[in-house]
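J.:
In mature numbering (1 follows the signal peptide of the UniProt record, and there is no 0), the protein residues as written are -20 to -1, 1 to 438.
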């Protein structure tokens, strides 16, 4: 763990002190090296959790999220280059510094074994993300989006802190390894138990987000720069899912009647966001709402507390992280050339950018969960486990899957076919950097198809 964290910490002064001509090269090389180093966490181990000290450890559940966080950092830096080309060097340094500090917070959150340390790391991701959205967002509404993001997260975090302090009082420890042995017998009052679980879950439900608590997400995505959208979609939403899985596995099980409203909202959200996506005119907003739908499946699966469901939830979160990040990158290539996120103003792009059309097609297929993608493996495992839990869920999950395929095809057809608008006929060609970015998204997905057990958390 330390051999990952020390290079990451040393990258912060490197970005502030290196020559301006070497800034992007140094940051990219260094962060790619960290990303490649992180792949060692895939190595199978006979131990349940590998500890580097009593506060940090890696297990099969946290390893995929840690690797995804490390893998995404160089891609964020690469994607943000064109956005910052006209900015002075100090601002470029600030951007890279903020990105690396966000990565450090995420790695701390996914690898900690103490729940209060997890809470601190969970909250410390807020500030760098807020800076990225409000400083480098495209329009004035970014301040409004930042306010939504800040207050939604903070309102959910206070009950979480109170719940963790209550757990500390009841059990005398907040270590993941010892907490499950000591907390359940002490919390005898069912009303206390219910309120405590509600307080624990609120922050994670907002972060996922659960349908009904999702209003901050489309705003934040639409106004964020490409790096902000990538990290939000790929990793920050997964903090919520990781938190739910960790809490349900570590602490006492929630009361059955208590989890029903959350599951009902989550599955209803899968259908509703599908209908909302079909009415979107803004490309980034459509991709953001699709994330709410996919995360609804993850919430419903995590609350069933079965091994299959948790395996499916982790697989779908990793698959969705790479897919949605790639879709936001593709949306950004259109935006950089047309200066508009409106679907109808960027039609027939496959004629103008043929290779980008191939990336659009690949990303759409993975978003639809077509076989043999890891998205299908995740969704199928979740649907089967939910059907095993209750037969009627097949109606909602089936309709949700149908809606996902419909709005993904709608997005692909609108952007890639149709009549070419006159203002797009003179757009500049794509860059090698953009194709490399897409390839770095597709490559892990293609490799994981061959060995999906690496990300199944088993």
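Every residue gets a Cβ at the ideal spot worked out from N, C-alpha and C, and that includes glycine. Note that this is a predicted model, so its numbers are computed, not measured.
The ligand MN and residue 223: does the residue's C-beta get closer than 8 angstroms to at least one heavy atom of that ligand?
T.: Absence of the ligand MN from the depicted structure is noted, as is the absence of any ligand whatsoever, leaving it without description.
J.: Need the endpoints of the alpha helix (DSSP H) that residue 385 sits in, please.
T.: Locating residue 385 in the chain shown gives position 405, counting from the first residue. Residue 385 -> alpha helix (DSSP H) spans 373 to 396.
J.: By alpha-carbon positions, which one of 63, 329, 209 and 268 ends up nearest to residue 191?
T.: Locating residue 191 in the chain shown gives position 211, where the first residue counts as 1. Answer by Cα proximity: 268.
J.: Please report how far the alpha carbon of residue 433 lies from the alpha carbon of residue 40, in whole angstroms.
T.: Counting from one through the chain shown, the residue named residue 433 turns up at place 453. Counting from one through the chain shown, the residue named residue 40 turns up at place 60. Distance between the alpha carbons of residue 433 and residue 40 is about 10 angstroms.
J.: Near residue 112, what residues of its chain come up, given a Cβ to Cβ distance below 8 angstroms and the 5 sequence neighbours on each side ignored?
T.: The count along the chain shown starts at 1 and reaches residue 112 at position 132. Contacts found: 75, 78, 79, 82, 204, 205, 207, 208 and 211.
J.: Residue 410 and residue 335: beta carbons closer than 9 angstroms?
T.: Translated into positions along the chain shown, residue 410 becomes position 430. Translated into positions along the chain shown, residue 335 becomes position 355. It is a contact, given that the beta carbons lie within the stated cut-off.
J.: Using a Cβ-Cβ cutoff of less than 6 angstroms, which residues in the same chain neighbour residue 439 once the five nearest sequence positions on both sides are dropped?
T.: An answer regarding residue 439 cannot be provided, because it is not within the stretch -20 to 438 covered by the chain.
J.: Just to confirm, are residue 144 and residue 186 a CB contact at a threshold of 9 angstroms?
T.: Position 164 of the chain shown holds residue 144. Position 206 of the chain shown holds residue 186. Taking 9 angstroms as the Cβ cut-off, residue 144 and residue 186 do not qualify as a contacting pair.
J.: Given residue 264, which residues of its chain have a CB within under 6 angstroms of its CB, disregarding the five upstream and five downstream residues?
T.: Taking the first residue of the chain shown as 1, we reach residue 264 at position 284. Cβ within range, chain order: 201, 202, 311 and 321.
J.: Given this structure, state the Cα-to-Cα distance separating residue 458 from residue 109, to the nearest angstrom.
T.: With the chain running from -20 to 438 in the structure shown, residue 458 is simply not present.
J.: DSSP beta-bridge partners for residue 245?
T.: On the chain shown, position 265 is the one that residue 245 refers to. Its beta-bridge partners do not exist; DSSP assigns none.
J.: I'd like to check one pair, residue 362 with residue 272: are the Cβ atoms closer than 9 angstroms?
T.: Here residue 272 is taken as the residue at index 292 of the chain shown, counted from 1. Here residue 362 is taken as the residue at index 382 of the chain shown, counted from 1. Not a contact, by the Cβ cut-off of 9 angstroms.
J.: Rounded to a whole number of angstroms, what is the C-alpha to C-alpha distance between residue 59 and residue 309?
T.: Walking along the chain shown from the start, residue 59 turns up at place 79. Walking along the chain shown from the start, residue 309 turns up at place 329. Roughly 7 angstroms between the two C-alpha positions.
J.: Less than 8 angstroms between the CB atoms is what I'm expecting for residue 73 and residue 3, so what's the real figure, rounded?
T.: Numbered from 1 along the chain shown, position 93 holds the residue referred to as residue 73. Numbered from 1 along the chain shown, position 23 holds the residue referred to as residue 3. Yes, they are in contact, since the Cβ atoms of residue 73 and residue 3 sit about 7 angstroms apart, within 8 angstroms.
J.: Could you give the distance in angstroms between the alpha-carbon of residue -5 and the alpha-carbon of residue 115?
T.: Taking the chain shown and counting its residues from 1, one reaches residue -5 at position 16. Taking the chain shown and counting its residues from 1, one reaches residue 115 at position 135. Whole-angstrom Cα-Cα distance: 18 angstroms.
J.: Applying the criterion that 16 or more other CB atoms from any shown protein chain within 10 Å of the CB defines a buried residue, is residue 430 buried or exposed?
T.: Taking the chain shown and counting its residues from 1, the one referred to as residue 430 is at position 450. Per the 10 Å Cβ criterion, exposed.
J.: Going straight from the alpha carbon of residue 437 to that of residue 29, what length do you get?
T.: Taking the chain shown and counting its residues from 1, the one referred to as residue 437 is at position 457. Taking the chain shown and counting its residues from 1, the one referred to as residue 29 is at position 49. So the two alpha carbons sit approximately 12 angstroms from each other.
J.: Measure the Cβ-Cβ separation of residue 219 and residue 89 and say whether it is below 9 angstroms.
T.: Taking the first residue of the chain shown as 1, we reach residue 219 at position 239. Taking the first residue of the chain shown as 1, we reach residue 89 at position 109. Yes, the pair counts as a contact, with Cβ atoms nearer than the cut-off.
J.: Can you tell me whether residue 27 is helix, strand or coil according to DSSP?
T.: Translated into positions along the chain shown, residue 27 becomes position 47. Of the three classes helix, strand and coil, the one that applies to residue 27 here is coil, per DSSP.
J.: In terms of alpha-carbon separation, which member of 255, -1, 140 and 317 lies closest to residue 414?
T.: By 1-based counting over the chain shown, the position of residue 414 is 434. That would be 317, whose Cα lies nearest to the Cα of residue 414.
J.: Can you look up residue 94 in the DSSP assignment and give me helix, strand or coil?
T.: Within the chain shown, numbered from 1, the residue matching residue 94 stands at position 114. DSSP places residue 94 in strand when its eight states are reduced to three.
J.: Which residues bound the alpha helix (DSSP H) around residue 368?
T.: Within the chain shown, residue 368 is the residue found at index 388, counting from 1. Start and end: 354 to 369.
J.: Taking all protein chains shown into account, decide if residue 54 is buried (16 or more other Cβ within 10 angstroms of its Cβ) or exposed.
T.: Position 74 of the chain shown, counted from the start, is the residue given in the question as residue 54. Looking at its Cβ environment, which holds 16 or more other Cβ atoms inside 10 Å, residue 54 is buried.
J.: What are the start and end residues of the alpha helix (DSSP H) that includes residue 20?
T.: Position 40 of the chain shown, counted from the first residue, corresponds to residue 20. Per DSSP, residue 20 belongs to no alpha helix (DSSP H) and is neither H nor E.
J.: Mark residue 94 as exposed unless 16 or more other C-beta atoms lie within 10 angstroms of its C-beta, in which case mark it buried.
T.: Walking along the chain shown from the start, residue 94 turns up at place 114. Per the 10 Å Cβ criterion, buried.
J.: Along the chain, where does the alpha helix (DSSP H) containing residue 423 start, and where does it finish?
T.: Position 443 of the chain shown, counting from 1, holds the residue named residue 423. Taken as a continuous stretch (DSSP letters only), the alpha helix (DSSP H) holding residue 423 covers 412 to 430.
J.: Just to confirm my understanding: we take residue 400, look at its own chain, exclude 5 residues before and 5 after, and list those with CB closer than 8 angstroms. What are they?
T.: Within the chain shown, the letter at position 420 stands for residue 400. So the qualifying residues of the chain are 327, 328, 331 and 332.
J.: Would the segment 364 to 371 and the segment 278 to 289 be scored as touching if the rule is three or more Cβ pairs under 8 angstroms?
T.: Contact between the segment 364 to 371 and the segment 278 to 289 is present, because at least three Cβ pairs lie under 8 angstroms.
J.: What does the alpha-carbon distance come out to for the pair residue 383 and residue 254?
T.: As a position in the chain shown, residue 383 is number 403, starting the count at 1. As a position in the chain shown, residue 254 is number 274, starting the count at 1. Spanning the two alpha carbons is a distance of roughly 5 angstroms.
J.: Looking at the unbroken alpha helix (DSSP H) that takes in residue -5, where does it start and where does it end?
T.: Against the chain shown, residue -5 aligns to sequence position 16. First-last of the alpha helix (DSSP H) with residue -5: -19 to -4.
J.: Cα separation between residue 194 and residue 427?
T.: Counting from one through the chain shown, the residue named residue 194 turns up at place 214. Counting from one through the chain shown, the residue named residue 427 turns up at place 447. Straight-line Cα distance between these residues: approximately 32 angstroms.
J.: Tell me the DSSP secondary structure of residue 221 in three-state form.
T.: Counting from 1 along the chain shown, the entry for residue 221 is found at position 241. Three-state result, residue 221: helix.
J.: For the 8 angstroms Cβ check, are there 3 or more pairs between the segment 294 to 302 and the segment 346 to 356?
T.: Yes: the two stretches touch, three or more of their Cβ pairs being nearer than 8 angstroms.
J.: Quick one: what's residue 439 bridged to in DSSP?
T.: The requested residue 439 does not occur in the structure, where the chain is confined to residues -20 to 438.
J.: Can you give me the C-alpha to C-alpha distance between residue 18 and residue 171, rounded to a whole angstrom?
T.: The residue given as residue 18 occupies position 38 in the chain shown. The residue given as residue 171 occupies position 191 in the chain shown. Whole-angstrom Cα-Cα distance: 43 angstroms.
J.: Go ahead and pull the three-state DSSP assignment for residue 114.
T.: Your numbering for residue 114 matches position 134 in the chain shown. Three-state DSSP puts residue 114 in a helix.
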